[in-house]
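For what it's worth, numbering that gives the first Met the number 0 labels the leading residue of the sequence shown as 0, then goes sequentially. The structure appears right after this line, and notes come after that.
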Amino acid sequence: MQVWEYTAKDGRSITVREAKVGDAKHLHAGFKNVVEEHMWLPTFTPNSHVSDWMNWIERTRHTREALIVAYIENEYAGHLSLQPEEWHASQHVAKLGIIVRKDCRSIGIGRSLMLSGESAALSKDYTKIILSTFDDNEAARNLYDSLGYRIVGIRRKHFNMPKGFIDEVLMEKELVDE
Ligand SMILES: CC(C)(COP(=O)(O)OP(=O)(O)OC[C@H]1O[C@@H](n2cnc3c(N)ncnc32)[C@H](O)[C@@H]1OP(=O)(O)O)[C@@H](O)C(=O)NCCC(=O)NCCS
Numbered sequence: 000m001q002v003w004e005y006t007a008k009d010g011r012s013i014t015v016r017e018a019k020v021g022d023a024k025h026l027h028a029g030f031k032n033v034v035e036e037h038m039w040l041p042t043f044t045p046n047s048h049v050s051d052w053m054n055w056i057e058r059t060r061h062t063r064e065a066l067i068v069a070y071i072e073n074e075y076a077g078h079l080s081l082q083p084e085e086w087h088a089s090q091h092v093a094k095l096g097i098i099v100r101k102d103c104r105s106i107g108i109g110r111s112l113m114l115s116g117e118s119a120a121l122s123k124d125y126t127k128i129i130l131s132t133f134d135d136n137e138a139a140r141n142l143y144d145s146l147g148y149r150i151v152g153i154r155r156k157h158f159n160m161p162k163g164f165i166d167e168v169l170m171e172k173e174l175v176d177e
């Protein structure tokens, strides 16, 4: 089991590790809470159940999917997912998703998850990460930009959210030179 240790901006310790089945309830609740903010994800209702998260975590043991979870002093703080692209010829490409609990944001959890995610991606033989975010998600855009993700396209008015039409910003990063 891979484990990564970091220090938050407020001095607390952050532990990031591969998710275990026992984390499912936290991942489920964390996702549900972010969906219910109706701000950052293009999903309106969290249809998944804890059992779906248990199955997903289980799958990461024998597939190239990955789920990693961050704890700040033993409290769930957020998680990150990696999923392979569908195409045979794009199996080196992982799609990344990330959420951080609302009351744990802007203290370094997102950056810790992203750094660990890149390391987890390399160990699952991915050499490129793709992701997308809402145009108005300043925190996410700053985070990705600071880690070297580049914008490769913008889908205009791609999401019709409660806050109005939102552009989708597509970003990517190659993890190895050449
Ligand atoms: C986007 C998100 C993952 C960032 O995680 P985080 O833990 O808040 O980010 P960090 O504290 O690690 O900050 C990393 C960088 O993000 C940027 N950032 C963080 N909070 C910010 C804010 N409130 N405003 C602007 N930039 C911000 C900064 O560039 C920061 O770098 P710095 O520490 O050098 O200043 C988190 O805010 C989140 O989960 N938001 C809701 C769900 C979501 O948007 N998921 C991503 C969908 S694409």
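Just so it is clear, CB atoms sit at the ideal spot from N, CA and C, and this is done for glycine as well. Bear in mind the structure is a predicted one, so any value in this text is a computation, not a measurement.
Terminal residues of the beta strand (DSSP E) in which residue i lies
| i | result |
| --- | --- |
| G77 | E74 to P83 |
| F133 | K127 to F133 |
| S12 | S12 to E17 |
Rounded separation between residue i and residue j - CA only
| i | j | result |
| --- | --- | --- |
| T132 | L79 | 14 Å |
| E137 | M53 | 31 Å |
| E35 | T42 | 9 Å |
| I128 | D166 | 20 Å |
| W3 | R16 | 6 Å |
| K162 | H37 | 8 Å |
| L130 | A65 | 15 Å |
| H91 | Q82 | 11 Å |
| I106 | W39 | 18 Å |
| A69 | Y148 | 21 Å |
| M113 | T6 | 14 Å |
| V246 | E74 | A query on residue 246 cannot be resolved here, the shown segment of the chain reaching from 0 to 177 and no further. |
| E85 | R63 | 12 Å |
| K172 | V49 | 31 Å |
Nearest-angstrom Cβ-Cβ length linking residue i and residue j, presumed shorter than 8 Å
| i | j | result |
| --- | --- | --- |
| Y125 | A93 | 4 Å |
| L169 | V151 | 5 Å |
| I234 | I97 | Missing from the structure shown is residue 234; the chain here goes from 0 to 177 and no further. |
Bounding residues of the alpha helix (DSSP H) (the contiguous stretch that carries residue i)
| i | result |
| --- | --- |
| H91 | Segment: none, H91 is in no alpha helix (DSSP H) and carries neither H nor E. |
| A7 | No alpha helix (DSSP H) holds A7; DSSP gives it neither H nor E. |
Give a yes or no on contact between the stretch 47 to 60 and the stretch 99 to 118, applying the rule of three or more CB pairs nearer than 8 Å. no
Is there contact here, the stretch 103 to 122 with the stretch 152 to 163, by at least three beta-carbon pairs under 8 Å? no
Those runs of the alpha helix (DSSP H) which lie wholly inside the stretch 132 to 176 and span at least 4 residues: 137 to 145
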